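These notes are about the structure you will find just below.
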Amino acid sequence: MANHSITITVNGGRERLDVPSNMTLLQLLREKLALTGTKNGCTAGECGACTILMNGEPVNSCMVLAVEADGAEIVTVEGLADDGQLTPMQEAFVKHNAVQCGFCTPGMLISAHALLKRNPHPTEEEIRLAMVGNLCRCTGYLRIIKAVQTASKRVSQSQDEGGA
Amino acid sequence: MTKFTSDPVGKSVPRVDVYDKLTGIALFADDIQFGPSLYYARLVRSPYAHALIKRIVTSKALEVPGVKAVVTGKDAPELVGMYLVDRPVLAGERVRYFGEPVAGVIATSEAIAEEATRLVEVEYEELPAVFGPMESIQPDAPLLHPDLGKYKVASFIFPEPGTNISEHFKLRKGDVESAWPRCAAIVEGTFRLPQIQHVPLEPHISVALWEPSGQVTLWTSTQSPHAQRDLIAQSINIPHGNLRVVSPYVGGGFGGKAGVTMEACAVVLARAVKGHPVKLRLTREEEFVGTTMRQSLVAHTKIGCDAEGNLLAMETQYHFGGGAYNDYGVNIIRAAGYSCTGPYDIPNVKGDSYCVYTNLPIGGPMRGFGMPEIHWGIEQIMDQLAEKIGMDPAEFRRRNCVRTGDIILTGMEMPAIDLVACIDKVAAAVGLGKKEEPSASHKRRGKGIAIMWKAPAMPPNPGSSAVVRFNEDATLNVEIGAQELGQGSFTVAAQMAAHALGVPYEWVRVSAPIDTRYSPYEWQTVASRITWTMGNAVKAAAEDARRQILQIVAEHWGEDPDDLDIKNGKVISYKSEQEQPLQNMVIYGLPNENFEGWKGGPIVGRGMFMPTYVTNLDFETGQGTRAVVHYTVGAQAVDLEVDTETGQVEILKIASAYDVGKAINPDLVLAQIEGGAVHGMSSAFEELKFDEQGQPLNRSLVDYRIVTSVDVPKEIHGDFVETPLEDGPWGARGVGEHVMVQTAPAIANAISDALGIRFNDLPLSAEKIFMALEERGR
Numbered sequence: 000m001a002n003h004s005i006t007i008t009v010n011g012g013r014e015r016l017d018v019p020s021n022m023t024l025l026q027l028l029r030e031k032l033a034l035t036g037t038k039n040g041c042t043a044g045e046c047g048a049c050t051i052l053m054n055g056e057p058v059n060s061c062m063v064l065a066v067e068a069d070g071a072e073i074v075t076v077e078g079l080a081d082d083g084q085l086t087p088m089q090e091a092f093v094k095h096n097a098v099q100c101g102f103c104t105p106g107m108l109i110s111a112h113a114l115l116k117r118n119p120h121p122t123e124e125e126i127r128l129a130m131v132g133n134l135c136r137c138t139g140y141l142r143i144i145k146a147v148q149t150a151s152k153r154v155s156q157s158q159d160e161g162g163a
Numbered sequence: 000m001t002k003f004t005s006d007p008v009g010k011s012v013p014r015v016d017v018y019d020k021l022t023g024i025a026l027f028a029d030d031i032q033f034g035p036s037l038y039y040a041r042l043v044r045s046p047y048a049h050a051l052i053k054r055i056v057t058s059k060a061l062e063v064p065g066v067k068a069v070v071t072g073k074d075a076p077e078l079v080g081m082y083l084v085d086r087p088v089l090a091g092e093r094v095r096y097f098g099e100p101v102a103g104v105i106a107t108s109e110a111i112a113e114e115a116t117r118l119v120e121v122e123y124e125e126l127p128a129v130f131g132p133m134e135s136i137q138p139d140a141p142l143l144h145p146d147l148g149k150y151k152v153a154s155f156i157f158p159e160p161g162t163n164i165s166e167h168f169k170l171r172k173g174d175v176e177s178a179w180p181r182c183a184a185i186v187e188g189t190f191r192l193p194q195i196q197h198v199p200l201e202p203h204i205s206v207a208l209w210e211p212s213g214q215v216t217l218w219t220s221t222q223s224p225h226a227q228r229d230l231i232a233q234s235i236n237i238p239h240g241n242l243r244v245v246s247p248y249v250g251g252g253f254g255g256k257a258g259v260t261m262e263a264c265a266v267v268l269a270r271a272v273k274g275h276p277v278k279l280r281l282t283r284e285e286e287f288v289g290t291t292m293r294q295s296l297v298a299h300t301k302i303g304c305d306a307e308g309n310l311l312a313m314e315t316q317y318h319f320g321g322g323a324y325n326d327y328g329v330n331i332i333r334a335a336g337y338s339c340t341g342p343y344d345i346p347n348v349k350g351d352s353y354c355v356y357t358n359l360p361i362g363g364p365m366r367g368f369g370m371p372e373i374h375w376g377i378e379q380i381m382d383q384l385a386e387k388i389g390m391d392p393a394e395f396r397r398r399n400c401v402r403t404g405d406i407i408l409t410g411m412e413m414p415a416i417d418l419v420a421c422i423d424k425v426a427a428a429v430g431l432g433k434k435e436e437p438s439a440s441h442k443r444r445g446k447g448i449a450i451m452w453k454a455p456a457m458p459p460n461p462g463s464s465a466v467v468r469f470n471e472d473a474t475l476n477v478e479i480g481a482q483e484l485g486q487g488s489f490t491v492a493a494q495m496a497a498h499a500l501g502v503p504y505e506w507v508r509v510s511a512p513i514d515t516r517y518s519p520y521e522w523q524t525v526a527s528r529i530t531w532t533m534g535n536a537v538k539a540a541a542e543d544a545r546r547q548i549l550q551i552v553a554e555h556w557g558e559d560p561d562d563l564d565i566k567n568g569k570v571i572s573y574k575s576e577q578e579q580p581l582q583n584m585v586i587y588g589l590p591n592e593n594f595e596g597w598k599g600g601p602i603v604g605r606g607m608f609m610p611t612y613v614t615n616l617d618f619e620t621g622q623g624t625r626a627v628v629h630y631t632v633g634a635q636a637v638d639l640e641v642d643t644e645t646g647q648v649e650i651l652k653i654a655s656a657y658d659v660g661k662a663i664n665p666d667l668v669l670a671q672i673e674g675g676a677v678h679g680m681s682s683a684f685e686e687l688k689f690d691e692q693g694q695p696l697n698r699s700l701v702d703y704r705i706v707t708s709v710d711v712p713k714e715i716h717g718d719f720v721e722t723p724l725e726d727g728p729w730g731a732r733g734v735g736e737h738v739m740v741q742t743a744p745a746i747a748n749a750i751s752d753a754l755g756i757r758f759n760d761l762p763l764s765a766e767k768i769f770m771a772l773e774e775r776g777r
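Structure follows, in structure tokens:
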């Protein structure tokens with residue numbers, strides 16, 4: 000198996016790595032960088048547990064080859080909170096008890112952050128559609144949807160105040 | 000600024016695990032780092048549903064560079080099991096379902112192991128297979144377990160050697176024959192449920208290390224660390240002390256990670272490469288093949304009532320399709336037998352519950368443990384009876400449901416519950432009985448109700464234990480053996496310890512991961528028993544610590560411990576109004592006057608709980624003084640629409656109410672109720688499909704669909720009632736499984752209300768509903 004040298008930015012840090020052609024981005028994150036917050040639920044792009052941001056877009060990292068991520072900017076669940084300070088989305092997940100077993104949570108959070116970035120004021124229907132690729136067996140989804148709505152309100156407030 | 004919560008029992012404090020789960024820190028079994036000595040394993044699985052293994056040739060697989068060992072059933076002849084020890088760890092002589100593991104390959108990478116599994120040559124002699132429980136009980140059916148009479152079996156399980164019946168539970172109360180003529184209405188029907196899968200988001204995973212010294216460590220995602228220690232140590236015949244089970248957070252269990260499933264495979268594979276940890280993780284496809292499934296059921300049930308709507312008699316036969324191995328499943332059948340009436344007071348009952356071997360995936364525990372299966376038919380018949388005698392379905396249930404103090408079907412007195420209050424709440428929440436307009440002319444609107452009961456199903460004496468230890472600043476560690484599956488067990492353990500001690504909730508840490516070397520004993524995190532039984536142990540441990548602290552301070556002050564209390568982490572005297580912070584004294588004790596010696600020392604509180612009052616049931620009648628510890632009861636109502644052009648069902652609202660005794664954390668109870676309603680809703684549309692050879696067809700999350708964010712109703716109305724349980728901590732009883740038990744029949748009853756059509760068989764697929772509408776001519 001040929002190796003390739005790639006450079007990627009993960010959660011703000013630049014990494015140069017040698018990766019085999021058939022290594023997925025999920026394997027790279029979990030097995031080479033020990034970023035195990037991103038979960039492997041199916042290795043088939045069907046459950047969304049491995050969702051990460053690649054150049055700002057949510058993708059199933061099990062469906063992306065590591066070499067395809069050469070030059071890309073990656074954000075994983077570990078890159079959301081800033082120096083231990085939870086994001087408004089994470090705080091909303093606490094408030095609504097939108098977490099149970101926690102296995103889908105990293106992917107859910109990434110999809111939710113990506114949604115609010117492209118659409119800060121989604122309707123409930125838009126939230127449901129944006130999260131449809133992230134399966135959850137515990138919560139029944141409604142609390143996750145409510146958490147996104149709560150975070151959406153916080154985003155608009157901070158934007159009104161000129162913050163990010 | 001940190002917030003401090005005093006007296007946290009009954010308050011919706013945040014989960015103790017939430018920060019770690021939101022930031023990616025929370026450790027799951029596949030996240031543990033083992034370094035370069037780690038090997039990987041893949042399993043060779045049977046392509047036949049029933050066959051004899053004639054020969055296994057491993058030489059080609061062993062030639063692959065990187066392959067370290069190949070283990071076959073001949074190398075691992077052990078049987079493993081919970082109540083009936085009938086399951087080989089790796090099949091040696093015979094395979095009994097498609098996908099049964101016959102060998103395992105260990106290699107330096109998962110890819111190499113996978114490649115080498117294809118080079119293991121297995122010669123089979125195919126045998127006739129049987130897939131349905133009704134076919135499997137026929138005298139000419141192929142016999143799956145000729146050794147059924149030789150298996151080790153629990154004292155309360157009754158297999159029938161020489162047949163495919165692995166358990167038969169009989170319930171006899173009153174005289175059904177003399178009751179039928181007195182019935183004004185009788186409804187009889189056959190109801191079928193397919194096998195379905197738990198679909199936890201985290202697939203099964205185990206890492207096993209067999210050290211040259213003989214010490215074995217198993218890191219695994221499980222609901223049952225202690226039960227695995229017991230069952231696997233017995234199976235492979237090593238001292239229990241040589242097997243350490245470490246279990247970090249579990250990414251969803253729902254019963255699928257209870258008992259032993261694939262973990263024993265990892266252990267026997269590791270035995271072949273001593274000194275190297277061996278990782279065995281199942282693919283999503285294997286989840287649908289090689290783990291446990293919910294059992295299928297064919298229920299034939301007849302129930303009658305008088306003209307006033309009083310239930311008079313019930314006769315039922317439950318034939319559960321238990322799959323190839325019934326080691327855990329047999330007890331589901333027992334539970335279905337001793338609870339066979341559902342939550343009703345019926346004077347005459349004849350019930351027979353059978354567990355039947357079939358050549359399909361292993362049937363095992365799943366959220367509800369037999370109750371979703373039996374309530375599917377019972378709750379539809381109750382609606383039909385109510386309709387026949389012209390009574391409102393909610394009123395029919397109020398009239399007949401179990402009440403506190405009733406002598407129930409097994410002869411046991413019903414502990415305190417209030418099911419009528421649950422019925423009232425859900426009926427009001429959906430406006431049951433009030434017709435509402437559908438959203439379009441091609442849609443039909445309907446509402447339905449269903450009620451349930453469930454007892455924790457377990458051996459009579461499953462124990463819990465807990466330890467409370469302090470840090471110097473009086474923050475404390477609660478040690479438990481109960482597992483956190485998402486339900487919130489760690490959080491309620493912390494709440495209970497804080498409350499019983501008199502310290503703020505935020506001072507408590509839960510010692511995790513669960514590790515059988517360090518964590519106190521807990522039978523298993525199953526049966527919705529943890530809040531109750533672990534809770535009692537934690538409360539006892541905290542009270543033990545509290546007693547010790549008060550004794551020391553009372554001596555120090557020359558007062559009576561009865562005049563002292565602990566509030567917000569300080570010992571206070573109601574008599575002298577003195578105060579003593581717990582800081583330091585819980586480790587270092589207190590000095591006597593002028594430092595003339597010391598009192599006390601490091602405080603360790605210990606507590607345990609085990610129900611001691613469950614009795615044996617008569618084999619012929621199922622009668623006994625105390626069949627179970629208690630029941631949790633509840634009601635659900637559904638408001639829905641059916642699209643007559645597509646047959647698709649849209650659930651508009653689900654209302655649920657359960658009698659939880661005491662909500663230790665009300666919002667976590669509601670989170671269970673909501674998540675469970677959606678799980679229950681999903682289960683009404685799920686089906687594991689097989690071809691004629693018994694091969695599962697829909698082995699992916701695309702083909703086996705679970706409910707997604709676009710399918711869930713706009714509203715799930717959750718509610719609870721608090722009738723204290725006599726021996727529950729603060730009166731609490733469990734609710735984690737109950738929340739999905741009767742959702743499917745509530746949906747079926749609402750569909751019947753909408754369309755006037757009954758569906759006796761799950762799933763409620765759009766195709767099935769569409770065809771029924773076509774047949775009727777819309």
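So the sequence lines, in the order shown, correspond to chains A and B.
When we follow numbering that gives the first Met the number 0, the leftmost residue of the first sequence carries the number 0, and every step to the right adds one.
When we follow numbering that gives the first Met the number 0, the leftmost residue of the second sequence carries the number 0, and every step to the right adds one.
The beta carbon of each residue, even a glycine, is placed where N, CA and C say it ideally should be.
Predicted model only: the values in this text are computed from it and were never measured.
Where residue i and residue j are concerned, what is the direct C-alpha to C-alpha distance, given to the nearest angstrom?
{"i": "GLY599 (chain B)", "j": "GLN582 (chain B)", "result": "13 Å"}
{"i": "ASP726 (chain B)", "j": "LEU61 (chain B)", "result": "58 Å"}
{"i": "ILE373 (chain B)", "j": "ALA298 (chain B)", "result": "7 Å"}
{"i": "LYS713 (chain B)", "j": "GLU113 (chain B)", "result": "44 Å"}
{"i": "GLY621 (chain B)", "j": "ALA335 (chain B)", "result": "12 Å"}
{"i": "ASP159 (chain A)", "j": "GLY55 (chain A)", "result": "With a pLDDT of 48 at ASP159 (chain A), under the threshold of 50, the modelled position of that residue is not reliable, and no figure is offered here."}
{"i": "LYS67 (chain B)", "j": "GLY103 (chain B)", "result": "11 Å"}
Hey, quick one: how far does the beta strand (DSSP E) through residue i stretch, first residue to last?
{"i": "ASP718 (chain B)", "result": "714-720"}
{"i": "ILE388 (chain B)", "result": "Where ILE388 (chain B) is concerned, there is no enclosing beta strand (DSSP E), given that its DSSP letter is neither H nor E."}
{"i": "GLN316 (chain B)", "result": "310-322"}
So if DSSP puts residue i in a beta bridge, which residue, or which two residues, is it bridged to?
{"i": "LEU850 (chain B)", "result": "Because chain B here runs from 0 to 777, residue 850 (chain B) falls outside it and cannot be looked at."}
{"i": "ARG44 (chain B)", "result": "B:PRO100"}
{"i": "LEU475 (chain B)", "result": "B:PHE469, B:VAL507"}
How is the alpha helix (DSSP H) around residue i delimited, first residue to last?
{"i": "PHE769 (chain B)", "result": "765-775"}
{"i": "MET495 (chain B)", "result": "488-500"}
{"i": "LYS453 (chain B)", "result": "Not the alpha helix (DSSP H): LYS453 (chain B) falls in the beta strand (DSSP E), residues 442-453."}
{"i": "ASP752 (chain B)", "result": "742-754"}
{"i": "ALA536 (chain B)", "result": "529-556"}
{"i": "GLU72 (chain A)", "result": "Counting along the chain, GLU72 (chain A) falls outside any alpha helix (DSSP H), though it belongs to the beta strand (DSSP E) covering 72-74."}
Where does residue i fall in DSSP's three states?
{"i": "LEU230 (chain B)", "result": "helix"}
{"i": "ASN399 (chain B)", "result": "helix"}
{"i": "PHE594 (chain B)", "result": "helix"}
{"i": "TRP218 (chain B)", "result": "strand"}
{"i": "PRO132 (chain B)", "result": "helix"}
{"i": "GLY161 (chain A)", "result": "With a pLDDT of only 41 at GLY161 (chain A), under the threshold of 50, the placement of this residue in the model should not be trusted; the figure read from the coordinates follows. Note: GLY161 (chain A) maps to coil in three-state DSSP."}
{"i": "ILE380 (chain B)", "result": "helix"}
{"i": "GLY240 (chain B)", "result": "helix"}
At a CB-CB cut-off below 7 Å, which residues of chain E make contact with residue i?
{"i": "ILE5 (chain A)", "result": "Of the protein chains in this structure, namely A and B, none is chain E."}
Q: Determine which residues of the region 55-74 of chain B have a Cβ less than 7 Å from any Cβ of chain A, and write them out in chain order.
A: none
(Q) Please identify, using Cβ separations under 9 Å, the residues of the region 479-500 of chain B that lie next to chain A, in order along the chain. (A) GLU483, LEU484, GLY485, GLN486, GLY487
Q.
Can you pull out the residues from the region 217-249 of chain B whose beta carbon lies closer than 9 Å to at least one beta carbon of chain A?
A. TYR248, VAL249
Q.
Against chain A, which members of the region 193-216 of chain B pass a CB distance test of less than 8 Å?
A. HIS197, VAL198, PRO199, LEU200, GLU201, PRO202
(Q) Can you pull out the residues from the region 136-148 of chain A whose beta carbon lies closer than 8 Å to at least one beta carbon of chain B? (A) ARG136, CYS137, THR138, GLY139, TYR140, LEU141, ARG142, ILE143, ILE144
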